[in-house]
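Down below is the structure, laid out as structure tokens.
2 protein chains.
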Amino acid sequence: MLATNTFRQFSSMANNSSKTLAKAIVYSEFGNPRDVLRTATYPVPKCSDSELSVRFLASPINPSDINQIQGVYPSRPPFTYEVSPSKPSAVAGNEGLLEITDVGEKLKKYFSPGQWAVMASTNLGTWRTRTNLTSDQLIPLDKTAFPSIAEAATLTVNPCTAYCLLQKIVPMNRGDWFIQDGANSMVGLAAIQLGKHFGYNSINIIRNRPDVDQLKEQLHSMGATVVLTDEEFMNRAWMKENVGKWTQGGKVKLGFDCVSGRVASEMAKYMTDGATMATYGAMSRQPLPVPVSLLIFKNIHFHGFWVTKWKSEHPQEYEKLVLEIQELIRTGVLRSANSKLIDLHETADGKTFYDTFLNAIEQHGKSIIQFRYD
Amino acid sequence: MLATNTFRQFSSMANNSSKTLAKAIVYSEFGNPRDVLRTATYPVPKCSDSELSVRFLASPINPSDINQIQGVYPSRPPFTYEVSPSKPSAVAGNEGLLEITDVGEKLKKYFSPGQWAVMASTNLGTWRTRTNLTSDQLIPLDKTAFPSIAEAATLTVNPCTAYCLLQKIVPMNRGDWFIQDGANSMVGLAAIQLGKHFGYNSINIIRNRPDVDQLKEQLHSMGATVVLTDEEFMNRAWMKENVGKWTQGGKVKLGFDCVSGRVASEMAKYMTDGATMATYGAMSRQPLPVPVSLLIFKNIHFHGFWVTKWKSEHPQEYEKLVLEIQELIRTGVLRSANSKLIDLHETADGKTFYDTFLNAIEQHGKSIIQFRYD
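Chains A and D, in that order, are what the protein sequence lines are.
In terms of full-length UniProt numbering, the first sequence opens at residue 1 and continues consecutively.
In terms of full-length UniProt numbering, the second sequence opens at residue 1 and continues consecutively.
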């Protein structure tokens with residue numbers, strides 16, 4: 001009954017000439033993205049007095065977005081008839097940069113067309129071209145702060161995670177050390193840059209690869225103090241010989257782990273008594289095998305960090321953090337690196353829309369879909 | 001040179017008729033207890049003006065004492081010539097109940113012969129009959145509080161650990177739950193009794209065994225809310241069916257782990273979001289394989305607890321805690337259970353002394369050596 005009623009309403013809305021057609025990547029059940037994702041085309045009416053019309057400029061494809069589609073992520077979007085009258089669906093994606101295109105009468109003193117904004121919370125669906133939002137669903141940005149669209153589009157997940165890991169887990173002083181695996185992940189790169197800004201030293205672990213010297217050089221240039229391959233790092237005799245030379249008695253108070261498994265438990269061995277390891281990912285898909293002696297005798301704490309939960313519990317603090325990161329981008333502290341912008345025009349047909357997203361998803365890259373408009 | 005000089009001094013001391021001969025279990029290198037332990041016989045002079053002469057009434061054999069002898073424990077006693085002029089040695093044992101036998105002139109207004117006391121810190125050597133101590137090395141007890149010597153002799157390690165686990169890890173309210181493995185360990189039994197006293201519910205995991213119903217009954221009678229064998233507990237379908245019926249929406253905020261390995265990571269799955277697991281032992285000799293989703297999405301914290309470190313960092317609080325536990329014993333809240341008292345007379349020869357300790361060590365039991373005097 002609901003589907004039919006909603007369909008009638010939707011059809012009548014679609015006939016209204018003041019509506020713009022938009023496209024979104026949606027799903028109605030959890031599963032393999034190739035199987036469950038589809039393109040939906042839907043009309044976006046003129047915004048109401050208390051709404052904003054927006055168009056997305058760029059929407060990143062984050063690993064957590066893919067996990068969410070697969071149904072293995074604890075945060076799930078509601079399935080609604082908003083963009084798909086045939087069956088309840090969710091628009092995929094959680095992060096994105098949007099531009100305000102029209103402002104409802106009551107909001108005209110606060111917003112103006114052309115302004116940029118990011119999402120104030122998750123599960124609003126960002127893999128789409130256009131929608132209407134209420135003002136509490138977005139956080140306005142100052143677009144003059146951003147050297148490129150990539151920095152603004154990827155501001156709310158990875159730099160926020162890195163900032164929280166550095167500043168909200170344990171008290172750190174200038175000169176203190178942190179150690180991280182997956183150091184060339186987007187969070188890792190942000191942590192290196194922010195860490196340098198805060199005066200912290202870092203030991204950064206990356207996977208060995210053919211062009212490893214080039215990657216090491218890049219991380220050093222961003223502010224990494226020490227960069228090691230996982231092979232170097234797992235060589236305990238070599239590490240014992242060198243780690244003291246690097247840290248010179250400095251305290252490794254903090255660890256960030258997005259790999260888990262043996263590398264993570266090895267990291268904990270080089271941390272100072274009473275230090276905290278914060279795990280925010282598990283790229284190895286392994287549990288974290290904690291040596292009990294580190295718990296009992298070295299008093300190492302093992303915590304997790306989930307930025308989605310932090311945001312939902314601290315919405316005001318999150319908004320402040322977005323603006324603080326905006327300023328760190330403006331002043332050149334933070335730069336987006338290694339992300340790949342993929343163009344997609346709003347007039348692309350449904351199949352092109354789907355294919356563009358699917359290719360980006362399956363490349364496991366750090367891709368951002370950049371929507372183009374005439 | 002030092003050994004020779006010390007030996008001369010020792011010989012001359014031994015000839016002084018005011019000295020009492022004492023025996024101790026000592027070691028001069030770390031290793032297998034059977035290989036490295038020996039009996040030392042040494043004179044104890046009359047205490048100085050600012051000392052107390054004491055005789056040990058009962059000294060438990062704790063697993064950590066054995067680990068210390070093996071050299072696998074991070075806290076190590078100093079090796080000195082105190083009881084062994086031939087080579088630097090340490091007296092084994094860290095916990096013990098002693099009786100004051102003589103009081104130095106300056107301490108007479110504070111202490112009197114016959115008073116009981118426990119050790120104020122570790123590494124003082126308690127597997128011995130007699131010694132002289134300074135007043136800051138002991139915490140006096142009120143012997144009328146204790147129904148038996150066992151309660152007083154085992155007060156400072158296991159009940160202190162259980163108390164700290166229950167009261168100093170996370171804030172708990174009456175009606176909250178904790179879950180623990182090794183529930184019939186000495187710490188586990190103390191946690192059950194103290195937990196009941198504080199109004200907490202508990203899920204207690206024990207290894208399956210032939211007389212398991214009897215053990216379950218004992219734990220229930222001490223205050224356990226739920227008692228499960230590890231086999232019952234590892235049956236996830238059965239647990240999912242039952243755990244909600246037991247807790248009725250109550251929060252499992254705290255976990256105590258002395259086993260580690262799979263049982264410990266399984267325990268964490270039944271804990272409430274944001275709960276803390278405190279590991280204080282690793283009977284399985286396995287690391288703790290932490291599922292990363294529990295860290296990130298359930299925000300479970302994994303900490304360790306080491307009572308030895310806590311005592312050394314909080315000596316005043318520790319002294320208060322000893323006296324608080326004394327009162328909990330006096331009022332019947334806490335009872336020592338399942339410990340085995342083994343008699344040993346101070347006049348026993350060196351071989352009997354050694355054999356008695358070695359047998360107790362190798363039985364891995366909860367043994368207390370009870371020293372007898374004429």
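Even for Gly, the Cβ is constructed at its ideal location relative to N, Cα and C.
Computed from a predicted structure; not experimentally measured.
query, result
"Extent of the continuous beta strand (DSSP E) to which G195 (chain A) belongs", "Counting along the chain, G195 (chain A) falls outside any beta strand (DSSP E), though it belongs to the alpha helix (DSSP H) covering M186 to F198."
"Other residues of its chain near L124 (chain A): CB distance less than 7 Å, five sequence neighbours each side excluded", "Q137"
"Contact list for T279 (chain D) against chain A, beta-carbon separation under 9 Å", "V290, V292, L295 and I296"
"Buried/exposed call for A150 (chain A), threshold 16 Cβ in 10 Å", "buried"
"Contact set for E319 (chain D): own chain, Cβ-Cβ below 8 Å, skip 5 residues either direction", "A120 and I139"
"Within 8 Å, strictly: CB atoms of residue 400 (chain A) and N204 (chain A)", "Past the boundaries of the shown model lies residue 400 (chain A); chain A is included only from 1 to 374, so the question cannot be answered."
"Contact under 8 Å by Cβ, A90 (chain A) with P78 (chain A)", "yes"
"Whether Q370 (chain D) touches L344 (chain D) by CB criterion (8 Å)", "yes"
"When A:I61, A:K340, A:L189 and A:M172 are compared against Q180 (chain A), the one with the closest alpha-carbon", "A:L189"
"Beta-carbon proximity list for W246 (chain A), same chain, < 6 Å, skipping 5 on both sides", "V226"
"Per-residue DSSP class, three states only, for T144 (chain A)", "helix"
"Boundaries of the alpha helix (DSSP H) in which F357 (chain A) is found, first to last residue", "G350 to E362"
"Buried or exposed (CB count within 10 angstroms, at least 16 for buried), R8 (chain D)", "Note on R8 (chain D): pLDDT 41, under 50, position unreliable in the model; no value is reported."
"The alpha helix (DSSP H) enclosing S312 (chain A), as first and last residue numbers", "V307 to E313"
"When A:I342, A:H303 and A:K269 are compared against L294 (chain A), the one with the closest alpha-carbon", "A:K269"
"CA-to-CA distance, Q115 (chain D) to L57 (chain D), given in whole angstroms", "11 Å"
"Any C-beta of chain A under 8 Å from that of A268 (chain D)", "no"
"Runs of alpha helix (DSSP H) lying entirely within the segment 112–163 of chain D, each at least 4 residues, in chain order", "149–153"
"Span of the alpha helix (DSSP H), counted from its first residue to its last, around N242 (chain A)", "R236 to T247"
"Cβ-based neighbour list, F353 (chain A), same chain, cut-off 6 Å, excluding 5 preceding and 5 following", "K23 and T39"
"Cβ-based neighbour list, Q363 (chain A), same chain, cut-off 7 Å, excluding 5 preceding and 5 following", "none"
"Test: N299 (chain D) CB closer than 8 Å to a CB of chain A", "yes"
"Residues of the segment 299–326 of chain D with Cβ closer than 8 Å to any Cβ of chain A, in chain order", "N299, I300, H301, F302, H303, G304, F305, W306 and K309"
"Integer-rounded CB distance, given that A183 (chain D) should sit under 8 Å from A162 (chain D)", "Contact flag wrong, Cβ pair sits at about 11 Å."
"Residues bridged to T80 (chain D) (per DSSP)", "D:S89"
"Segment limits, alpha helix (DSSP H) that includes residue 376 (chain D)", "There is simply no residue 376 (chain D) to check, as chain D begins at 1 and stops at 374 in what is shown."
"For A282 (chain D) and S260 (chain D), the rounded distance between their alpha carbons", "5 Å"
"Per-residue contacts from S265 (chain D) into chain A (C-beta, under 8 Å)", "P287"
"Which of helix, strand or coil DSSP assigns to L98 (chain D)", "strand"
"First through last residue of the alpha helix (DSSP H) which encompasses V263 (chain A)", "G261 to K269"
"Cβ contact check for the segment 39–53 of chain D and the segment 62–77 of chain D: 3 or more pairs under 8 Å", "no"
"Bridge partner(s) assigned by DSSP for L219 (chain A)", "Bridge partners of L219 (chain A): none, in fact."
"contact_flag[the segment 291–311 of chain A, the segment 285–299 of chain D] where n(CB pairs < 8 Å) is 3 or more", "yes"
"Run of the beta strand (DSSP E) containing residue 386 (chain A), from where it starts to where it stops", "Since the displayed chain A opens at 1 and closes at 374, residue 386 (chain A) lies outside it and no answer follows."
"Proximal residues to S143 (chain A) (C-beta, below 6 Å), its chain only, five neighbours per side dropped", "Note on residue identity: the sequence assigns Lys, not Ser, to residue 143 (chain A). The residues are W116."
"Any chain D beta carbon closer than 8 Å to S260 (chain A)", "yes"
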